[in-house]
Amino acid sequence: MSADRESAGRPLAAFFGSLLFLALLSLTLSYVAVPIRWLEVVGLGVAAVFVGLPIAAVFAVGIWSWSPSKAVLFVVVGALAHAGPPVLAHFAGGVGTAPAMFALSQIGLITWTTGLGALLATLLRDKNLLIPVSLFLAAFDIFLVLTPMGFTRQIIEQAPETLAKVGWAIPAASSAPTVGPVTPMAHIGPADFVFAAMFSVALVRFDLRHRATMIWLVPALIAYLGIVYFVGPLPALVPIGVCVLAVNAPEFKLSAQEWLGTALVVLIAGLLIGWSVWRGRPSGPSSGAPNPAGSGSAGSPEPAIPNPPP
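Just so you know, we're using the numbering used here here: the sequence shown kicks off at 143 and counts up by one.
So this is what it looks like as C-alpha coordinates:
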(Lines of atoms letter the chains of each structure in order from A and count residues from 1; the text may use other names and numbers.)
(Lines give C-alpha, C1' and ligand atoms only; values in the text may rest on other atoms or scores of the structure.)
Protein backbone atom coordinates (compact mmCIF):
# COMPACT_ATOMS: atom_id res chain seq x y z
CA MET A 1 0.00 0.00 0.00
CA SER A 2 2.84 2.42 0.83
CA ALA A 3 4.51 1.69 -2.50
CA ASP A 4 1.26 2.44 -4.30
CA ARG A 5 0.90 5.74 -2.45
CA GLU A 6 4.50 6.66 -3.23
CA SER A 7 3.96 5.88 -6.91
CA ALA A 8 0.74 7.90 -6.96
CA GLY A 9 2.48 10.85 -5.35
CA ARG A 10 5.28 11.09 -7.90
CA PRO A 11 3.24 12.84 -10.62
CA LEU A 12 2.07 15.45 -8.10
CA ALA A 13 5.61 15.94 -6.80
CA ALA A 14 6.93 16.40 -10.35
CA PHE A 15 4.12 18.84 -11.17
CA PHE A 16 4.31 21.09 -8.14
CA GLY A 17 8.09 20.74 -7.90
CA SER A 18 8.43 22.07 -11.45
CA LEU A 19 6.08 24.97 -10.71
CA LEU A 20 7.93 25.81 -7.50
CA PHE A 21 11.23 25.85 -9.40
CA LEU A 22 9.75 28.22 -11.99
CA ALA A 23 8.41 30.48 -9.22
CA LEU A 24 11.83 30.63 -7.56
CA LEU A 25 13.50 31.33 -10.91
CA SER A 26 11.03 34.14 -11.56
CA LEU A 27 11.80 35.63 -8.14
CA THR A 28 15.53 35.35 -8.81
CA LEU A 29 15.18 37.19 -12.10
CA SER A 30 13.35 39.99 -10.26
CA TYR A 31 16.32 40.73 -8.03
CA VAL A 32 19.41 39.55 -9.92
CA ALA A 33 21.01 41.54 -12.73
CA VAL A 34 22.43 39.66 -15.71
CA PRO A 35 25.67 40.97 -17.25
CA ILE A 36 24.88 42.63 -20.58
CA ARG A 37 27.22 40.32 -22.50
CA TRP A 38 25.19 37.32 -21.28
CA LEU A 39 21.78 38.95 -21.56
CA GLU A 40 20.72 37.43 -24.88
CA VAL A 41 21.91 33.92 -24.06
CA VAL A 42 20.31 33.96 -20.62
CA GLY A 43 17.11 35.39 -22.05
CA LEU A 44 16.83 32.60 -24.61
CA GLY A 45 17.51 29.99 -21.95
CA VAL A 46 14.92 31.45 -19.60
CA ALA A 47 12.32 31.56 -22.37
CA ALA A 48 12.96 27.91 -23.24
CA VAL A 49 12.59 26.88 -19.60
CA PHE A 50 9.36 28.84 -19.06
CA VAL A 51 7.82 27.37 -22.20
CA GLY A 52 9.04 23.79 -21.94
CA LEU A 53 8.95 23.06 -18.21
CA PRO A 54 5.25 23.93 -17.60
CA ILE A 55 4.24 21.69 -20.51
CA ALA A 56 6.48 18.92 -19.18
CA ALA A 57 4.87 19.38 -15.75
CA VAL A 58 1.38 19.15 -17.24
CA PHE A 59 2.34 15.91 -18.97
CA ALA A 60 4.04 14.57 -15.84
CA VAL A 61 0.83 14.92 -13.82
CA GLY A 62 -1.20 13.47 -16.70
CA ILE A 63 -0.40 9.96 -15.47
CA TRP A 64 -2.00 10.69 -12.07
CA SER A 65 -5.17 8.80 -11.20
CA TRP A 66 -7.50 11.60 -12.28
CA SER A 67 -11.20 11.72 -11.49
CA PRO A 68 -13.76 14.52 -11.95
CA SER A 69 -13.61 15.37 -8.23
CA LYS A 70 -9.82 15.62 -8.25
CA ALA A 71 -9.96 17.80 -11.35
CA VAL A 72 -12.51 20.13 -9.76
CA LEU A 73 -10.31 20.40 -6.64
CA PHE A 74 -7.40 21.48 -8.86
CA VAL A 75 -9.61 24.08 -10.53
CA VAL A 76 -10.87 25.56 -7.25
CA VAL A 77 -7.52 25.64 -5.44
CA GLY A 78 -5.69 26.87 -8.52
CA ALA A 79 -8.23 29.62 -9.23
CA LEU A 80 -7.96 30.89 -5.65
CA ALA A 81 -4.17 30.85 -5.85
CA HIS A 82 -4.28 32.63 -9.22
CA ALA A 83 -6.70 35.38 -8.25
CA GLY A 84 -5.86 35.81 -4.57
CA PRO A 85 -2.20 36.96 -4.55
CA PRO A 86 -2.69 39.98 -6.84
CA VAL A 87 -5.47 41.19 -4.57
CA LEU A 88 -3.34 40.68 -1.46
CA ALA A 89 -0.38 42.43 -3.10
CA HIS A 90 -2.61 45.38 -3.97
CA PHE A 91 -3.83 45.82 -0.41
CA ALA A 92 -0.38 45.18 1.06
CA GLY A 93 0.83 48.23 -0.82
CA GLY A 94 4.50 47.25 -0.65
CA VAL A 95 6.47 46.49 -3.79
CA GLY A 96 8.59 44.02 -1.85
CA THR A 97 5.74 41.50 -1.73
CA ALA A 98 4.77 41.87 -5.40
CA PRO A 99 7.28 39.41 -6.97
CA ALA A 100 6.37 36.62 -4.52
CA MET A 101 2.66 37.22 -4.98
CA PHE A 102 3.07 37.19 -8.75
CA ALA A 103 5.03 33.92 -8.64
CA LEU A 104 2.34 32.29 -6.48
CA SER A 105 -0.36 33.53 -8.84
CA GLN A 106 1.43 31.92 -11.77
CA ILE A 107 1.51 28.58 -9.94
CA GLY A 108 -2.24 28.93 -9.45
CA LEU A 109 -2.72 29.58 -13.15
CA ILE A 110 -1.08 26.32 -14.23
CA THR A 111 -2.90 24.43 -11.46
CA TRP A 112 -6.45 25.45 -12.41
CA THR A 113 -5.86 25.14 -16.14
CA THR A 114 -4.47 21.63 -15.61
CA GLY A 115 -7.49 20.72 -13.51
CA LEU A 116 -9.90 22.04 -16.12
CA GLY A 117 -8.08 20.17 -18.88
CA ALA A 118 -8.19 16.96 -16.85
CA LEU A 119 -11.91 17.46 -16.26
CA LEU A 120 -12.50 17.81 -20.00
CA ALA A 121 -10.45 14.67 -20.61
CA THR A 122 -12.70 12.64 -18.30
CA LEU A 123 -15.64 13.56 -20.55
CA LEU A 124 -14.07 12.00 -23.66
CA ARG A 125 -15.44 8.52 -24.31
CA ASP A 126 -13.39 7.40 -27.30
CA LYS A 127 -9.81 7.94 -28.40
CA ASN A 128 -10.90 8.65 -31.97
CA LEU A 129 -12.57 11.83 -30.72
CA LEU A 130 -9.09 13.29 -30.30
CA ILE A 131 -8.82 13.71 -34.07
CA PRO A 132 -11.78 16.06 -34.63
CA VAL A 133 -11.12 17.75 -31.30
CA SER A 134 -7.49 18.48 -32.24
CA LEU A 135 -8.40 19.74 -35.69
CA PHE A 136 -11.25 21.91 -34.45
CA LEU A 137 -9.20 23.45 -31.62
CA ALA A 138 -6.34 24.28 -33.98
CA ALA A 139 -8.70 25.86 -36.51
CA PHE A 140 -10.66 27.71 -33.83
CA ASP A 141 -7.41 29.09 -32.38
CA ILE A 142 -6.50 30.33 -35.86
CA PHE A 143 -9.88 32.06 -35.97
CA LEU A 144 -9.36 33.64 -32.54
CA VAL A 145 -5.82 34.84 -33.13
CA LEU A 146 -5.33 35.55 -36.82
CA THR A 147 -8.68 36.68 -38.19
CA PRO A 148 -10.10 40.21 -37.83
CA MET A 149 -13.17 38.97 -35.94
CA GLY A 150 -11.14 36.83 -33.55
CA PHE A 151 -11.72 37.63 -29.88
CA THR A 152 -8.08 37.05 -28.92
CA ARG A 153 -6.78 39.25 -31.71
CA GLN A 154 -9.06 42.07 -30.61
CA ILE A 155 -7.80 41.75 -27.03
CA ILE A 156 -4.17 41.84 -28.18
CA GLU A 157 -4.77 44.92 -30.32
CA GLN A 158 -7.13 46.85 -28.05
CA ALA A 159 -6.42 45.68 -24.49
CA PRO A 160 -3.08 43.82 -24.34
CA GLU A 161 -2.92 44.39 -20.58
CA THR A 162 -5.78 41.89 -20.17
CA LEU A 163 -3.65 39.00 -21.38
CA ALA A 164 -0.87 40.08 -19.05
CA LYS A 165 -3.25 39.70 -16.10
CA VAL A 166 -4.48 36.21 -16.94
CA GLY A 167 -1.68 34.65 -19.02
CA TRP A 168 1.46 32.71 -18.21
CA ALA A 169 4.39 35.15 -18.23
CA ILE A 170 7.68 34.25 -19.87
CA PRO A 171 10.18 36.47 -18.03
CA ALA A 172 12.75 38.59 -19.79
CA ALA A 173 16.25 38.66 -18.35
CA SER A 174 17.36 42.13 -17.29
CA SER A 175 20.69 43.84 -16.85
CA ALA A 176 19.30 45.64 -13.78
CA PRO A 177 17.14 44.36 -10.87
CA THR A 178 13.46 45.13 -11.39
CA VAL A 179 12.50 45.16 -7.68
CA GLY A 180 8.90 44.40 -8.69
CA PRO A 181 7.64 41.42 -10.72
CA VAL A 182 9.95 40.55 -13.58
CA THR A 183 9.07 42.09 -16.94
CA PRO A 184 7.61 39.47 -19.31
CA MET A 185 8.93 39.05 -22.84
CA ALA A 186 5.79 37.13 -23.89
CA HIS A 187 2.62 35.54 -22.58
CA ILE A 188 0.94 32.19 -23.13
CA GLY A 189 -2.82 32.15 -22.79
CA PRO A 190 -4.61 29.87 -20.29
CA ALA A 191 -6.40 27.92 -23.04
CA ASP A 192 -3.11 26.48 -24.27
CA PHE A 193 -2.47 24.84 -20.89
CA VAL A 194 -6.09 23.72 -20.56
CA PHE A 195 -5.99 21.75 -23.79
CA ALA A 196 -2.41 20.55 -23.30
CA ALA A 197 -3.61 19.05 -20.01
CA MET A 198 -6.70 17.61 -21.68
CA PHE A 199 -4.57 15.85 -24.28
CA SER A 200 -2.10 14.68 -21.63
CA VAL A 201 -4.76 13.02 -19.48
CA ALA A 202 -6.67 11.66 -22.49
CA LEU A 203 -3.55 10.05 -23.96
CA VAL A 204 -3.02 8.20 -20.69
CA ARG A 205 -6.69 7.20 -20.39
CA PHE A 206 -6.71 5.68 -23.87
CA ASP A 207 -3.24 4.13 -23.58
CA LEU A 208 -1.76 6.21 -26.40
CA ARG A 209 1.76 7.57 -26.86
CA HIS A 210 1.83 9.94 -23.92
CA ARG A 211 5.58 10.12 -23.30
CA ALA A 212 6.49 10.35 -26.99
CA THR A 213 3.99 13.17 -27.44
CA MET A 214 5.60 15.13 -24.62
CA ILE A 215 9.08 14.55 -26.03
CA TRP A 216 8.02 16.04 -29.37
CA LEU A 217 5.73 18.75 -28.03
CA VAL A 218 8.14 20.48 -25.65
CA PRO A 219 10.83 21.32 -28.25
CA ALA A 220 8.15 22.10 -30.84
CA LEU A 221 6.62 24.78 -28.61
CA ILE A 222 10.04 26.21 -27.74
CA ALA A 223 10.82 26.51 -31.46
CA TYR A 224 7.37 27.97 -32.05
CA LEU A 225 8.10 30.71 -29.52
CA GLY A 226 11.12 31.66 -31.62
CA ILE A 227 8.84 32.12 -34.62
CA VAL A 228 6.38 34.14 -32.54
CA TYR A 229 9.21 36.38 -31.37
CA PHE A 230 9.87 37.52 -34.93
CA VAL A 231 6.41 37.47 -36.55
CA GLY A 232 4.06 38.28 -33.66
CA PRO A 233 1.19 36.40 -32.01
CA LEU A 234 0.39 32.96 -33.41
CA PRO A 235 -2.10 30.24 -32.35
CA ALA A 236 -0.30 27.82 -30.02
CA LEU A 237 -3.00 25.15 -30.29
CA VAL A 238 -1.82 24.49 -33.84
CA PRO A 239 1.54 22.92 -32.87
CA ILE A 240 -0.11 21.21 -29.88
CA GLY A 241 -2.74 19.59 -32.09
CA VAL A 242 -0.22 18.70 -34.80
CA CYS A 243 2.08 16.96 -32.31
CA VAL A 244 -0.78 15.01 -30.72
CA LEU A 245 -2.06 13.79 -34.08
CA ALA A 246 1.32 13.17 -35.71
CA VAL A 247 2.78 11.14 -32.85
CA ASN A 248 -0.38 9.09 -32.23
CA ALA A 249 -1.58 8.69 -35.83
CA PRO A 250 -0.92 4.91 -35.95
CA GLU A 251 -3.15 4.42 -32.90
CA PHE A 252 -6.32 5.80 -34.50
CA LYS A 253 -8.70 3.60 -36.48
CA LEU A 254 -11.67 5.60 -37.74
CA SER A 255 -14.80 4.21 -39.32
CA ALA A 256 -16.28 5.78 -42.44
CA GLN A 257 -18.84 7.58 -40.30
CA GLU A 258 -16.13 8.96 -38.04
CA TRP A 259 -14.13 10.18 -41.03
CA LEU A 260 -17.26 11.91 -42.31
CA GLY A 261 -17.79 13.57 -38.93
CA THR A 262 -14.16 14.71 -38.86
CA ALA A 263 -14.48 16.18 -42.36
CA LEU A 264 -17.61 18.01 -41.26
CA VAL A 265 -15.76 19.50 -38.29
CA VAL A 266 -12.95 20.70 -40.55
CA LEU A 267 -15.48 22.18 -42.99
CA ILE A 268 -17.28 24.09 -40.23
CA ALA A 269 -14.00 25.41 -38.86
CA GLY A 270 -12.89 26.46 -42.34
CA LEU A 271 -16.18 28.26 -42.96
CA LEU A 272 -15.81 30.07 -39.62
CA ILE A 273 -12.34 31.28 -40.55
CA GLY A 274 -13.46 32.29 -44.03
CA TRP A 275 -16.47 34.16 -42.64
CA SER A 276 -14.29 36.08 -40.21
CA VAL A 277 -11.82 37.06 -42.92
CA TRP A 278 -14.67 38.16 -45.19
CA ARG A 279 -16.39 40.18 -42.45
CA GLY A 280 -13.13 41.84 -41.48
CA ARG A 281 -12.14 42.95 -44.96
CA PRO A 282 -12.01 46.72 -45.66
CA SER A 283 -15.46 48.03 -46.57
CA GLY A 284 -14.18 50.52 -49.11
CA PRO A 285 -11.12 51.55 -51.13
CA SER A 286 -8.12 52.64 -49.12
CA SER A 287 -7.42 56.35 -49.15
CA GLY A 288 -3.82 55.93 -48.15
CA ALA A 289 -4.43 57.87 -44.96
CA PRO A 290 -2.76 56.77 -41.76
CA ASN A 291 -4.59 54.33 -39.53
CA PRO A 292 -6.63 55.90 -36.75
CA ALA A 293 -5.17 55.83 -33.27
CA GLY A 294 -5.37 52.41 -31.68
CA SER A 295 -5.75 50.46 -34.91
CA GLY A 296 -2.18 50.62 -36.09
CA SER A 297 1.18 49.85 -34.55
CA ALA A 298 0.63 52.22 -31.68
CA GLY A 299 -2.30 50.15 -30.48
CA SER A 300 -0.64 46.77 -31.01
CA PRO A 301 2.02 44.91 -29.06
CA GLU A 302 5.57 45.69 -30.05
CA PRO A 303 6.97 43.04 -32.45
CA ALA A 304 9.92 42.46 -30.16
CA ILE A 305 7.64 41.57 -27.24
CA PRO A 306 5.08 39.15 -28.64
CA ASN A 307 2.17 37.87 -26.61
CA PRO A 308 1.21 34.35 -27.74
CA PRO A 309 -2.54 34.15 -27.17
CA PRO A 310 -4.77 31.39 -25.97
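All C-beta atoms, glycine included, are put in the ideal place defined by N, C-alpha and C.
If you count every other CB in all the chains shown that lies within 10 Å of the CB of A189, and 16 or more means buried, which is it? As a position in the sequence shown, residue 189 is number 47, starting the count at 1. Around the Cβ of A189, a 10 Å sphere holds 16 or more other Cβ atoms; the residue is buried.
How about T404 and L277: are their beta carbons less than 8 Å apart? Taking the first residue of the sequence shown as 1, we reach residue 404 at position 262. Taking the first residue of the sequence shown as 1, we reach residue 277 at position 135. Yes, Cβ-Cβ distance for T404 and L277 is below 8 Å.
Going by Cα to Cα distance, which pick from A221, F394, R152 is closest to F348? Here residue 348 corresponds to residue number 206 of the sequence shown, with the count starting at 1. Among A221, F394, R152, the Cα nearest to that of F348 is on F394.
The stretch 167-178 contacting the stretch 301-319, beta-carbon criterion three pairs below 8 Å: Contact between the stretch 167-178 and the stretch 301-319 is present, because at least three Cβ pairs lie under 8 Å.
Simplified DSSP assignment, three categories, for M243: As a position in the sequence shown, residue 243 is number 101, starting the count at 1. Helix, per DSSP.
Compare the Cα-Cα distances from R421 to each of T304, L363, L350, M291 and report the closest residue. Along the sequence shown, read from residue 1 onward, the residue named residue 421 stands at position 279. Measuring C-alpha to C-alpha distances from R421 to each of T304, L363, L350, M291 identifies M291 as the nearest.
Among the residues of its own chain, which have a CB less than 6 Å from the CB of V346, if the five just before and after it don't count? The residue labelled residue 346 in the question sits at position 204 within the sequence shown. The answer, listed in chain order, is G204, I205, H352.
Tell me which residues share the same chain as F282 and place their Cβ nearer than 7 Å to its Cβ, disregarding the 5 neighbours each side in the sequence. Here residue 282 is taken as the residue at index 140 of the sequence shown, counted from 1. The residues are A411.
Give a single yes or no on whether P177 has its beta carbon closer than 7 Å to a heavy atom of the ligand MN. As presented, the structure is devoid of all ligands, the ligand MN included, so that no description of it is given.
Going by the DSSP bridge assignment, what does I330 pair with across the sheet? Translated into the one-based positions of the sequence shown, residue 330 becomes position 188. Answer by DSSP bridge pairing, in chain order: W310.
On the premise that S207 lies in contact with V324, defined as a C-beta separation below 8 Å, what is that separation, rounded to the nearest angstrom? By 1-based counting over the sequence shown, the position of residue 324 is 182. By 1-based counting over the sequence shown, the position of residue 207 is 65. In fact, because the Cβ distance is near 35 Å, the residues do not count as touching under 8 Å.
Could you tell me how far apart the beta carbons of A339 and A260 are, in whole angstroms, since I believe they sit closer than 8 Å? Here residue 339 refers to the residue found at position 197 when the sequence shown is read from its first residue. Here residue 260 refers to the residue found at position 118 when the sequence shown is read from its first residue. The C-beta distance from A339 to A260 rounds to 6 Å, short enough to fall under 8 Å.
Secondary structure at A199, three-state DSSP: helix, strand or coil? Counting from 1 along the sequence shown, the entry for residue 199 is found at position 57. The answer is helix: DSSP assigns A199 an H, G or I state.
Pull up the distance between the alpha-carbon of S342 and that of G383, whole angstroms please. Translated into positions along the sequence shown, residue 342 becomes position 200. Translated into positions along the sequence shown, residue 383 becomes position 241. If you draw a straight line from the Cα of S342 to the Cα of G383, it is about 12 Å long.
Would G416 be called buried (16 or more neighbouring beta carbons within 10 Å of its own) or exposed? Taking the sequence shown and counting its residues from 1, one reaches residue 416 at position 274. Result: exposed.
Tell me, to the nearest whole angstrom, how far the beta carbon of W254 is from that of A202; I am working on the premise that it is less than 8 Å. As a working mapping, residue 254 is identified with position 112 in the sequence shown. As a working mapping, residue 202 is identified with position 60 in the sequence shown. In fact, because the Cβ distance is near 17 Å, the residues do not count as touching under 8 Å.
Residues in its own chain within less than 6 Å of L286 by CB, not counting five upstream and five downstream? Translated into the one-based positions of the sequence shown, residue 286 becomes position 144. Result list for L286: G292, F293, T294, in chain order.
Does DSSP put A315 in a helix, in a strand, or in coil? Translated into the one-based positions of the sequence shown, residue 315 becomes position 173. In the three-state scheme derived from DSSP, where H, G and I count as helix and E and B as strand, A315 is classed as coil.
7 Å Cβ shell around I178 - same chain, five flanking residues per side excluded: Within the sequence shown, the letter at position 36 stands for residue 178. Excluding sequence neighbours, I178 sits near S317.
Out of curiosity, what's the CA-to-CA distance linking T264 and L258? Numbered from 1 along the sequence shown, position 122 holds the residue referred to as residue 264. Numbered from 1 along the sequence shown, position 116 holds the residue referred to as residue 258. Spanning the two alpha carbons is a distance of roughly 10 Å.
Sorted by chain position, which residues of the same chain lie with C-beta nearer than 8 Å to S428's C-beta, five sequence neighbours on each side aside? Counted from its first residue, the sequence shown places residue 428 at position 286. Summary for S428: the model assigns pLDDT 45, below 50, so the residue's position carries little reliability, and this model does not support an answer.
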